[in-house]
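Here's the structure we're looking at; comments come further down.
In this note's numbering, the protein residues as written are 1 to 250.
Printed below as a string of structure tokens:
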């Protein structure tokens, strides 16, 4: 076992036996990010089902219960699950990691066998760096919906309606539908009216719990007043000359 304390940020790094990993996952889940590299098979049951046969993979367990499983190629994980409760179980020569999500009910079951490497560390948050156009901003926020709302998950992007395409549709707490209109620079009254039309359209379809959010660098004074009058919301992002996007209070 190799344990390193570096400014109280790294709690474990190195090869590890399953009985030790079993205890460390229990200890650090919700308190640190856990990375595991090992030979495993993965089963998913929920809205669909899948099975990944035995192979070496990277398993990431984040503090908020997000679990991701990566293979050797590609950007996207082969499996992932948000807002999970993670437990471990030792069974002979196998460590079983279960990630359970209640709403909707989904479960990832990871069975680790053989040798294993682990890193347990306290991560932070910082500035987001990207470049460019309004489409770049939409793409970035689609991949990072919690910048808009801390409980949000992406449902879809560029969703067609009779009034135009909604940039992002998210799902928030209590199953709330969040409609997002994104402007790279200043949002004016037309952007507010457009968002209002989207919200009214979904309400007319019988969706009772709908929020509308404009994301922009700033609002015109009239747009800000209309947002308040219509019961809509605003999230501010700043784009500097260095193309740094960061969540701010504006």
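Every residue gets a Cβ at the ideal spot worked out from N, C-alpha and C, and that includes glycine.
Checklist entry - Is residue 149 closer than 9 Å to residue 237 when the C-beta atoms are compared? => result Residue 237 sits at position 237 when you count from the first residue of the chain shown. Residue 149 sits at position 149 when you count from the first residue of the chain shown. The answer is no: Cβ separation not under 9 Å.
Item to check | From 211, 185, 206, residue whose alpha carbon lies closest to that of residue 196 | outcome: Walking along the chain shown from the start, residue 196 turns up at place 196. Cα-wise, what sits closest to residue 196 is 211.
Checklist entry - Would you call residue 175 buried or exposed, if buried means 16 or more other Cβ atoms sit within 10 Å of its Cβ? => result Within the chain shown, the letter at position 175 stands for residue 175. By the 10 Å Cβ count, residue 175 comes out exposed.
Next on the checklist: Taking only three categories from DSSP, how would you classify residue 251?
Outcome noted: Here the chain covers residues 1 to 250 and nothing more, so residue 251 does not appear.
Checklist entry - Would you report the Cα separation of residue 135 and residue 16, rounded to the nearest angstrom? => result As a first step, residue 135 is located in the chain shown; it is residue number 135 there, counting from the start. As a first step, residue 16 is located in the chain shown; it is residue number 16 there, counting from the start. If I take the Cα positions, the gap works out to 44 Å.
Item to check | Pair within 9 Å by beta-carbon distance, residue 120 and residue 68 | outcome: Counted from its first residue, the chain shown places residue 120 at position 120. Counted from its first residue, the chain shown places residue 68 at position 68. Cβ distance not < 9 Å, so residue 120 and residue 68 don't count as in contact.
Item to check | DSSP-derived helix/strand/coil call for residue 167 | outcome: As a working mapping, residue 167 is identified with position 167 in the chain shown. Residue 167 falls in the strand class under three-state DSSP.
Next on the checklist: DSSP three-state label for residue 149, please.
Outcome noted: Numbered from 1 along the chain shown, position 149 holds the residue referred to as residue 149. Coil at residue 149, not helix or strand.
Item to check | Cβ pair residue 117, residue 37 closer than 9 Å | outcome: As a working note, residue 117 is residue 117 in the chain shown. As a working note, residue 37 is residue 37 in the chain shown. Yes, Cβ-Cβ distance for residue 117 and residue 37 is below 9 Å.
Checklist entry - Taking residue 169 as the reference, which of 112, 141, 53, 224 has the closest Cα? => result Here residue 169 is taken as the residue at index 169 of the chain shown, counted from 1. Considering only alpha carbons, the answer is 141.
Checklist entry - Taking the DSSP output, what are the residues bridged to residue 81? => result For the purposes of this step, residue 81 is taken as residue 81 along the chain shown, with counting starting at 1. According to DSSP, which records beta bridges pairwise, residue 81 is partnered with 67.
Next on the checklist: Nearest by alpha-carbon distance to residue 46: which of 77, 106, 52, 78 is it?
Outcome noted: On the chain shown, position 46 is the one that residue 46 refers to. Checking every option, the nearest Cα to that of residue 46 belongs to 106.
Checklist entry - When the Cα atoms are used, what is the spatial distance from residue 146 to residue 198? => result Here residue 146 is taken as the residue at index 146 of the chain shown, counted from 1. Here residue 198 is taken as the residue at index 198 of the chain shown, counted from 1. If I take the Cα positions, the gap works out to 21 Å.
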